[in-house]
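Each residue of the sequence shown is one higher than the last, beginning at 3 in the working numbering. C-beta atoms are modelled at their ideal positions from N, C-alpha and C, and glycine is treated no differently. Remarks on the structure that follows.
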Amino acid sequence: MSQEQTAKRGCPGGHAVAVALAGDRLSDLPDGLLHTIMSFLPAPQVVQTSVLSRRWRDLWRSTPCISIEQPDFRITAGSQRHEREEKWRKLENFTTNFLLFHNNVASLDKFRIDTDSTYANALHVRDMDRWLRRGIKYCPQVLEILVSRPPIPFPHMGASSCRLKRLHLHGLYLENQFAELLCSGCPVLEDLELRSCSPDFQEFKSRTLKRLVIDCCDNFTGDLVVITVPRVAYLRLGISPGRYSNGILIHESASLVKASIHLLCLGETFSLKHQRCLLGNLCNVPNLELSGFQTMAILVQESAEFPIFANLQTLSLEQCFLDKCDLNNKLDALGSFVQNAPCLEKLTLHCCMFEVEPEKEGSL
């Protein structure tokens with residue numbers, strides 16, 4: 003009879019003893035697998051694993067993924083001011099110590115920080131700036147920074163950008179040095195997302211990007227925005243009201259597989275000329291999603307004046323043709339598009355031509 007079977011029969015707590023004799027199988031896994039498990043846990047729980055056993059005591063210090071998220075500390079807008087301050091002190095104390103004692107400097111896979119600066123004072127902003135600078139020093143492959151307004155300046159990365167493959171920013175103020183970083187300072191960057199950011203430059207240029215999202219960003223300079231990304235396969239632009247008043251020019255779009263252009267102002271503050279220019283820049287895209295485009299941007303007297311979308315296979319139009327043009331012109335505009343897309347296989351229309359009022363409650 004085995005030692006484990008003897009333990010089970012010899013005492014009332016035999017099962018617990020058997021488990022102890024069998025050992026901690028989870029702790030027998032290599033560090034890489036344990037770090038993968040940790041990557042699914044909130045940062046506070048990652049640190050709490052240190053009390054499981056001696057094997058786990060220092061594992062959190064070398065985890066290749068660092069994710070600090072304000073919701074894990076229950077800081078919400080509905081809290082009283084003194085409650086938010088108390089919870090922020092806990093967040094500040096935890097984050098500062100976590101980053102201070104973390105020792106995986108050379109091979110960090112991901113650094114993510116998600117904080118709400120809406121109610122932040124000068125001290126909070128200083129804390130966040132310090133955390134961002136510390137995280138960037140770890141030379142992460144993936145960097146995700148999400149903050150709310152007012153915008154916080156994006157720190158200078160320097161040589162820390164050498165391993166960066168994915169960069170997602172929300173609510174950051176981007177100085178001119180950020181444009182230089184994209185152009186020559188990120189040799190392997192493939193994925194860039196800028197949401198609700200404030201770039202203080204007018205040219206996005208990168209020879210390595212394969213995915214680019216610029217959504218609801220400000221345009222401080224007011225100049226023509228030029229996008230030069232010859233290897234990009236996916237492009238999304240979200241143009242909010244009053245932004246990009248001098249238009250957007252897309253250079254070298256031959257690699258584009260899918261483009262998604264959303265005029266959140268429904269074309270009212272983005273001129274017809276700029277709308278036509280964007281369409282002309284995207285004439286080689288196989289898959290195209292358009293939202294908010296006006297009738298006269300597409301309607302032409304002669305179809306030869308409208309660009310030929312020779313490669314277009316799928317076209318999705320959402321909230322387009324909602325201006326005051328009559329229905330005949332709207333249908334002619336749609337016809338112009340379809341006629342000039344000889345390879346079109348799928349056309350999707352959603353909330354186009356005229357606005358549909360929601361049905362009143364109780365109506366048949």
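Query                                                                                                          : Result
Three-state class that DSSP yields for Asp116 in the structure shown                                           : strand
Simplified DSSP assignment, three categories, for Pro201                                                       : strand
For Ser293, the residue or residues it bridges with in DSSP                                                    : His264, Glu320
Rounded C-alpha distance that separates Ala312 from Cys353                                                     : 26 angstroms
Rounded separation between Leu314 and Arg132 - CA only                                                         : 47 angstroms
Cβ shell of Asp74 (< 8 angstroms), same chain only, five flanking positions each side left out                 : Pro44, Ala45, Pro46
Option in Ile68, Asp220, Leu317, Arg57 with minimal Cα separation from Phe339                                  : Leu317
Same chain, Cβ closer than 6 angstroms to Val190, neighbours up to 5 away in sequence not counted              : Lys167
Complete runs of the beta strand (DSSP E) confined to the segment 139-213 [at least 3 residues]                : 144-149, 168-172, 174-176, 193-197, 205-207
Reference Arg136, options Cys267, His276, Ile115, Leu148, closest by Cα                                        : Ile115
At least three beta-carbon pairs within less than 8 angstroms, the segment 323-342 to the segment 286-306      : yes
Member of Met159, Cys141, Gly160, Ser198 whose CA lies at the smallest distance from the CA of Ala149          : Just to set this straight, residue 149 is Val in the shown sequence, not Ala. Selected option, being the one with the closest Cα: Ser198.
Sub-8 angstroms separation of Arg238 and Ser262 beta-carbons                                                   : yes
Cβ neighbours of Met355 in the same chain (closer than 6 angstroms, five flanking residues each side left out) : Phe323, Lys332
Proximity below 8 angstroms, CB of Ser29 to CB of Arg57                                                        : yes
Beta-carbon proximity list for Asn105, same chain, < 7 angstroms, skipping 5 on both sides                     : Arg63, Ser64
Anticipated Cβ contact below 8 angstroms, Ile241 with Cys267, distance rounded                                 : 7 angstroms
Supposed contact pair Ala181 and Glu205 - C-beta distance, whole angstroms, cut 8 angstroms                    : 6 angstroms
Expected contact under 8 angstroms - CB spacing of Glu195 and Leu211 to nearest Å                              : Not quite, the Cβ-Cβ distance comes to about 11 angstroms (not below 8 angstroms), so this is no contact.
CA-to-CA distance, Leu281 to Glu177, given in whole angstroms                                                  : 29 angstroms
Beta-bridge partners of Asp217, as assigned by DSSP                                                            : Arg197, Gly240
Reduced DSSP secondary structure (H/G/I, E/B, other) of Ser69                                                  : strand
Same chain, Cβ closer than 8 angstroms to Asp220, neighbours up to 5 away in sequence not counted              : Cys199, Ser200, Pro201, Arg245
Counted within 10 angstroms of its Cβ, other Cβ atoms place Thr117 as buried (16 or more) or exposed           : buried
Simplified DSSP state of Thr97, which is helix, strand or coil                                                 : helix
Given Val259 as reference, the closest of Ser162, Leu214, Phe42, Cys188 once Cα atoms are compared             : Leu214
Pairwise C-alpha distance: Glu146 and Val127                                                                   : 17 angstroms
Ser186 to Leu329 span [Cα, whole Å]                                                                            : 49 angstroms
Residue from Arg83, Ile250, Thr51 whose Cα sits closest to the Cα of Leu284                                    : Ile250
Given Leu93 as reference, the closest of Pro344, Lys112, Ile70, Thr271 once Cα atoms are compared              : Ile70
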